[in-house]
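Residue numbers (our numbering): 4 to 259.
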Ligand SMILES: Nc1ncnc2c1ncn2[C@@H]1O[C@H](COP(=O)(O)OP(=O)(O)OP(=O)(O)O)[C@@H](O)[C@H]1O
Ligand SMILES: [Mg+2]
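Pasting the structure below:
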């Protein structure tokens, strides 16, 4: 589905993403984790076309797409959510999703079809389809759901979810994780999920990529990554042992 080769993104003299290479297979849920400022959102921004790569290549379904603008990436089947939701606040929830469906479709569609796709996405995400339901009533979890509904309304093949569930409580995080799993299982959408909290993510991902200071320091199954000494040292920090045990337990429990 996606092949990233030696991707680098510099901001002036600062290298935010430094020569990372990875592949994502169709139908996978891949976690992209790393401490604050490690380059996760920048990686998404380059993949989604917000920034052109400084160097390196990106290909989507075998076609070179590095440097294409966001609307073209979306039309080719790559949708993303933003870490900080920015909905059109004066429009209803349904109108927000309908706009995304209309302008993000891979081929021109009617307004009626856009509305149908928006309703479908809102149903999948469990948000109200009522045309009068307002964005203002949504809390942090609801706004993240709306981001997801807007992305899904474009009917993507590959979804980049910049979740960073920090603002959510434990049960909301759990629900967000299960929702991503459902999107993959029911719709066959390939997902890359950015998160800096490891626990909840480790339960649903197939594979994990770990960034630190813009470099890809590890990749593997959740259990492999959680036991990688470099990940433990740079990502989990001083209380590494107990966190490693905790993540290991969660992965083991999930496997059982
Ligand atoms: N537009 C920009 N201009 C300059 N520097 C930037 C820009 N965007 C990101 N950076 C810097 O690049 C580095 C990586 O930032 P990025 O937002 O990708 O991190 P992140 O892994 O998503 O972090 P977080 O977990 O806090 O969301 C940071 O040092 C950040 O300050
Ligand atoms: Mg980020």
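Think of the CB as a built atom: it goes at the ideal place given N, C-alpha and C, for glycine as much as any other residue. Predicted model, so just to flag it, every value in this text is computed and none were measured.
query: First through last residue of the alpha helix (DSSP H) which encompasses residue 185; result: 173-190
query: Any non-hydrogen atom of ligand 1 closer than 7 angstroms to residue 43 Cβ; result: yes
query: Which residues DSSP lists as bridging residue 163, in chain order; result: 83 and 195
query: Inter-residue Cα distance where the pair is residue 63 and residue 7; result: 9 angstroms
query: Residue 139 beta carbon near ligand 2 (any heavy atom closer than 7 angstroms); result: no
query: For residue 157, the three-state DSSP class (helix, strand or coil); result: coil
query: Distance cut-off 7 angstroms: residue 25 Cβ against heavy atoms of ligand 1; result: no
query: Contact belief for residue 132 with residue 163 at Cβ below 8 angstroms, rounded distance in angstroms; result: With a Cβ gap of about 25 angstroms, residue 132 and residue 163 do not count as contacting.
query: Beta-carbon gap between residue 73 and residue 94 smaller than 8 angstroms; result: no
query: Residue 138 versus residue 91: straight-line alpha-carbon distance, rounded; result: 8 angstroms
query: Whether residue 101 touches residue 82 by CB criterion (8 angstroms); result: no
query: Residue 25: first and last residue of the uninterrupted beta strand (DSSP E) it sits in; result: 17-27
query: Among 215, 202, 135 and 113, nearest to residue 226 - alpha-carbon criterion; result: 202
query: Span of the beta strand (DSSP E), counted from its first residue to its last, around residue 59; result: 58-63
query: Proximity test, residue 165 beta-carbon vs ligand 2 heavy atom, cut-off 7 angstroms; result: yes
query: Whole-number beta carbon distance between residue 104 and residue 156, since they are thought to touch under 8 angstroms; result: 4 angstroms
query: Residue 19 CB to nearest heavy atom of ligand 4 below 7 angstroms; result: As presented, the structure is devoid of ligand 4, carrying ligand 1 and ligand 2 as its sole ligands.
query: Proximity test, residue 158 beta-carbon vs ligand 2 heavy atom, cut-off 7 angstroms; result: no
query: Residue 84 and residue 176 closer than 8 angstroms at C-beta; result: no
query: Nearest neighbour of residue 5, chosen from 143, 234 and 192 [CA to CA]; result: 192
query: Limits of the unbroken beta strand (DSSP E) element including residue 7; result: 5-14
query: Close Cβ partners of residue 181 (< 8 angstroms) along its chain, the five nearest in sequence each way excluded; result: 207
query: Residue 46 classed as buried or exposed, judged by whether at least 16 other C-beta atoms fall within 10 angstroms; result: buried
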